[in-house]
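One structure is given below, encoded as structure tokens.
Number of protein chains: 2
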Amino acid sequence: MASVKRKPGPAELLVLEDFLPYRLSVLSNRVSGAIAARYAKAFALSIPEWRVIAVLGRRPGLTATEVAEATEMDKVAVSRAVARLVAAKRVAAQADARDARRQRLTLTREGESVHARIAPMALESEQRLLSALTVRERADLNALLDRLLIAARNL
Amino acid sequence: MASVKRKPGPAELLVLEDFLPYRLSVLSNRVSGAIAARYAKAFALSIPEWRVIAVLGRRPGLTATEVAEATEMDKVAVSRAVARLVAAKRVAAQADARDARRQRLTLTREGESVHARIAPMALESEQRLLSALTVRERADLNALLDRLLIAARNL
DNA sequence: TGGATTTAGTTTCATCTGCAACCAATGGCA
DNA sequence: TGCCATTGGTTGCAGATGAAACTAAATCCA
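These protein sequences, in sequence, are chains Y and P. Take the first sequence: its letters are residues 84 to 238, numbered as in my numbering. Take the second sequence: its letters are residues 84 to 238, numbered as in my numbering.
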């Protein structure tokens, strides 16, 4: 009530550089950008395509819808990524016997090869980033991210 | 050497859901998406526009290039966001007296008003997200993000 | 059965994005 | 001074993106 300081107002409180959503966006862009640049050049692969390959590498036979769920991409993005990968003979699609609408997706031999070569690159980049943290801090980070991911889902 | 288990191979090691760049991307998208949805509806404002307003609110008189540095957006994005904001009479641009190429950017009264109304909304969303964490954890998170942001810059 | 509803996936369209080319003003320097 | 390189900012174009409409197949249920 007796405060003589100039009124704070909302502007004072919101500092973009300290704003968590902004910081997350910058970090994510830097990381994804750096990694994507590496394999975009080496393999002519976009981020959506790379995600599809990553998930099919571990879980062959998923349908496009399942891939969309697993990667949190929307189905249009998956549809297009799959179309490009099929055109490039990196992914094979065969209709499900029971449901002709579904396409069972698998990596071709070529797709497997891409996967086998990119995965180590990606993991190496991740390690490079994580090398800024101690083992303990990495565990803390993962725990925090788990909780933030859940909280963010309910925003 | 005597291992009988099937060979691990790179595929086994890369689990998309545990891959830090992927997790950051999902988290950032969820958070930004949720917040952007709120003010996009309320104020017809895109994320780039909102960032420009946020930074000009605290630091009036920046040039477009300076805004680009402050927001980590590229100059094309800033140029277009500023053009829209000027058209909407939310930002005023006046040529720098010393250098006719530069535009000194400031919020108009209308722009200030938008800023004053959005900032609390944004901060409230941030708080909602952070309410999943203890005060101590928030500090840890920020420290970790600081270091990751630096590490990511040198990727 | 046979329509009405739901689901899988694609296409369309309108918008967004970013690189590269560009224009204009400035600064460097011979 | 006058030319060249640099910088601030915009524009053109080509590819990416997402919502909504659409096609086709499967399921529901009277």
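From the three backbone atoms N, C-alpha and C, an ideal C-beta is built for every residue, glycine too.
| field | Supposed close pair Ala176/Y, Val165/Y - CB separation, criterion 8 Å | value | 7 Å
| In the structure shown, what three-state DSSP assignment does Ala178/P receive? | strand
| What is the rounded straight-line gap between the Cα of Ala171/Y and the Cα of Val161/Y? | 15 Å
| request: Give a yes or no on whether the minimum CB-CB distance between Asp157/P and chain Y is below 8 Å. | output: no
| Phe126/P CB to nearest chain Y CB: under 8 Å? | no
| task | Would you give the residue range spanned by the beta strand (DSSP E) that Thr154/P belongs to? | result | Run containing Thr154/P: none in the beta strand (DSSP E); it sits in the alpha helix (DSSP H), 147-154.
| query | Is Arg184/Y helix, strand or coil by DSSP? | reply | coil
| field | Rounded straight-line distance, which links the Cα of Thr189/P to that of Asp182/Y | value | 59 Å
| said: Comparing C-alpha positions only, which one of Thr148/P, Asn112/P, Ala153/P, Leu96/P sits nearest to Leu238/Y? | reply: Asn112/P
| Is DSSP giving Leu190/P helix, strand or coil here? | strand
| task | Look up Leu99/Y in the DSSP assignment and say whether it is helix, strand or coil. | result | helix
| field | Closest by C-alpha distance to Gly194/P, when choosing among Val150/P, Leu96/P, Ser214/P, Ala137/P | value | Ala137/P
| Are the CB atoms of Thr239/P and Arg187/P nearer to each other than 8 Å? | Coverage of chain P is limited to positions 84 through 238, which leaves residue 239/P absent and any answer about it impossible.
| query | Along chain P, which residues have their Cβ under 7 Å away from the Cβ of Ser108/Y? | reply | Ser111, Ser115
| said: Are the CB atoms of Ile118/Y and Ala205/Y within a distance shorter than 8 Å? | reply: yes
| request: Please name the residue, chosen from Ile130/Y, Arg200/Y, Gly144/Y, that lies closest to Arg167/Y on a Cα-to-Cα basis. | output: Ile130/Y
| message | Using CA atoms only, rank isn't needed, just tell me which of Ala222/P, Leu231/P, Ser196/P is closest to Ala125/P. | response | Ser196/P
| request: State the Cα-Cα distance for the pair Leu213/P and Asn225/Y, rounded to the nearest angstrom. | output: 15 Å
| said: Is Ser208/P close to chain Y? Criterion is C-beta to C-beta, closer than 8 Å. | reply: yes
| query | For Leu107/Y versus Val218/P, is the C-beta distance shorter than 8 Å? | reply | no
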